[in-house]
Structure formats: C-alpha cells, structure tokens
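Counting in the working numbering, the sequence shown runs from 2 upward without gaps. Okay, so here's the structure we're looking at.
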Amino acid sequence: MSTARTISVAMVVLASCTVLPSTTSGQTLEAAAKLIGGAAAGLGLHESAHVVADVASGVAPGLKKVTFGPIPFFAITHDAVTPGREFVISSAGFWMQHAVNEYLFATHPTLHDERAPVLKGLLAFNILTSVAYSGAAFARTGPNERDTRGMALSAGVDEPVIGALILVPAILDTARYFGRDSRWIVWGSRAVKIGGALLVVKAIRQG
Ligand SMILES: [Zn+2]
Numbered sequence: 002m003s004t005a006r007t008i009s010v011a012m013v014v015l016a017s018c019t020v021l022p023s024t025t026s027g028q029t030l031e032a033a034a035k036l037i038g039g040a041a042a043g044l045g046l047h048e049s050a051h052v053v054a055d056v057a058s059g060v061a062p063g064l065k066k067v068t069f070g071p072i073p074f075f076a077i078t079h080d081a082v083t084p085g086r087e088f089v090i091s092s093a094g095f096w097m098q099h100a101v102n103e104y105l106f107a108t109h110p111t112l113h114d115e116r117a118p119v120l121k122g123l124l125a126f127n128i129l130t131s132v133a134y135s136g137a138a139f140a141r142t143g144p145n146e147r148d149t150r151g152m153a154l155s156a157g158v159d160e161p162v163i164g165a166l167i168l169v170p171a172i173l174d175t176a177r178y179f180g181r182d183s184r185w186i187v188w189g190s191r192a193v194k195i196g197g198a199l200l201v202v203k204a205i206r207q208g
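Take a look at the structure:
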C-alpha cells in the first residue's frame with residue numbers, strides 16, 4: 002500500500018478570504034499580505050510535519066501532483082510502511098496544526114482582538130484545513146493520498162470517525178478564537194486531539 006498525505010494550496014486562499022474582512026481598512030493591503038503569509042506558513046508547517054515523520058520512519062518522501070475535483074493538490078508520497086508508522090506519517094500534519102493552535106491560544110489568549118494578521122492567517126489555515134479534510138473524510142472522497150484515509154486504514158477505523166476527530170477540535174478552536182474559553186471547550190478540544198493521537202496504539206496493533 003502506497004499512501005501519502007495531501008493538502009490544498011486553495012486553503013491558503015480560502016483562509017485569507019475568511020479573515021480579511023476583519024482587517025482595518027487603512028492597512029488592508031499590508032494586512033492581507035501578512036495574512037496570506039500566515040496561511041502559507043500553516044501549509045508549510047503541515048507539510049514539513051509529514052516530511053519529518055517520513056524521515057523519522059526511515060522512508061524517503063516524494064512529491065506527486067493530485068487533484069480533488071477542480072482543485073490541484075500536491076501530495077507528499079512515501080513507500081509502504083507498517084500501520085503504526087503509516088498512522089504517524091498521515092497524522093503528522095494534523096498534529097502540527099493542533100500543536101500550533103494550542104501554542105497560539107497559550108501565547109495570545111485574546112488573539113481575536115489583536116492586530117496579528119500573520120497569526121490569524123495561520124490559525125484560519127489550520128481550522129479550514131481541518132474542516133475541509135473532515136468533509137472529505139465524511140464523504141470518503143478525494144485523492145487516495147488524503148491524510149484521513151491513511152489514518153483510517155492504518156488504524157482500522159471508519160474514515161468518518163477520523164473526520165469527526167478532526168472536525169470537533171476545529172469547531173472548538175473556532176469557539177476559543179471568538180472568546181469562548183470555558184474549561185469544557187478548552188479541555189474538550191485538547192481531549193479530542195489527544196484521543197485522536199492515541200489511535201496510534203490501535204494502528205501499531207494492526208501490524
Ligand atoms: Zn497532510
């Protein structure tokens with residue numbers, strides 16, 4: 002089984018369009034550039050996490066062009082590995098997103114009210130990417146190289162379950178961004194992120 006992970010460059014654009022209306026008019030252009038930069042950094046972080054996981058697993062990453070409907074993607078591919086390693090490689094992008102979001106909320110608890118377009122672009126990319134992936138997971142559509150499919154196959158669970166484990170933190174992190182930081186929401190988000198990562202135990206047992 003040759004699997005890989007994909008991520009859409011379109012998410013960078015979408016992330017930018019979503020957050021842009023909240024920027025101040027006088028500095029819109031500069032803020033827009035910073036926002037796109039933040040979203041692009043999010044994409045870079047997600048993909049680097051896959052590459053690091055590949056290298057740590059002793060496989061050489063490769064690059065492949067794939068499409069999801071009309072949207073061009075690129076996928077970072079690798080040779081077949083054990084289910085445990087496959088789960089780690091496929092999950093690495095989301096783990097990076099989770100870690101970055103937790104870091105952002107810890108260091109910028111009032112990010113929504115701050116003029117921080119780079120960080121907002123980064124957070125928007127992470128959230129929208131998770132939402133897009135969960136949609137693909139629920140519908141079981143998209144390129145075979147998609148992260149959620151690699152996670153589902155290696156852990157031996159239905160792909161929609163993976164979709165839920167990705168979508169719930171995205172919803173709760175959105176609530177946190179808008180100032181809903183009750184213990185239930187904060188720890189609910191963290192618990193689902195950790196729970197999803199713990200599926201690695203099930204994946205290791207698969208192999
Ligand atoms: Zn990915």
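Cβ coordinates follow ideal geometry from the N, Cα and C atoms, glycine included.
Reduced DSSP secondary structure (H/G/I, E/B, other) of residue i
i	result
Ala117	coil
Gly143	coil
Val67	strand
Phe106	helix
Pro73	strand
Thr78	strand
Thr175	helix
Buried or exposed by the 16-neighbour rule on C-beta atoms within 10 Å, applied to residue i
i	result
Ile167	buried
Glu31	exposed
Leu44	buried
Thr68	exposed
Inter-residue Cα distance where the pair is residue i and residue j
i	j	result
Gly38	Asp174	21 Å
His113	Ala192	23 Å
Pro118	Arg206	43 Å
Ala81	Thr108	39 Å
Thr7	Glu115	Note that Thr7 has pLDDT 43, beneath the 50 cutoff, so the model's placement of it is unreliable and the number below is only indicative. So the two alpha carbons sit approximately 32 Å from each other.
Asn102	Gly208	31 Å
Trp185	Thr111	18 Å
Ala156	Gly85	8 Å
Ala133	Leu124	14 Å
Leu120	Ala137	26 Å
Beta-carbon proximity check, residue i vs residue j, cutoff 8 Å
i	j	result
Pro71	Ser131	no
Asp159	Phe95	no
Met97	Ala153	no
Ser92	Ala198	yes
Beta-carbon separation (whole angstroms), residue i vs residue j, contact threshold 8 Å
i	j	result
Lys65	Ala76	5 Å
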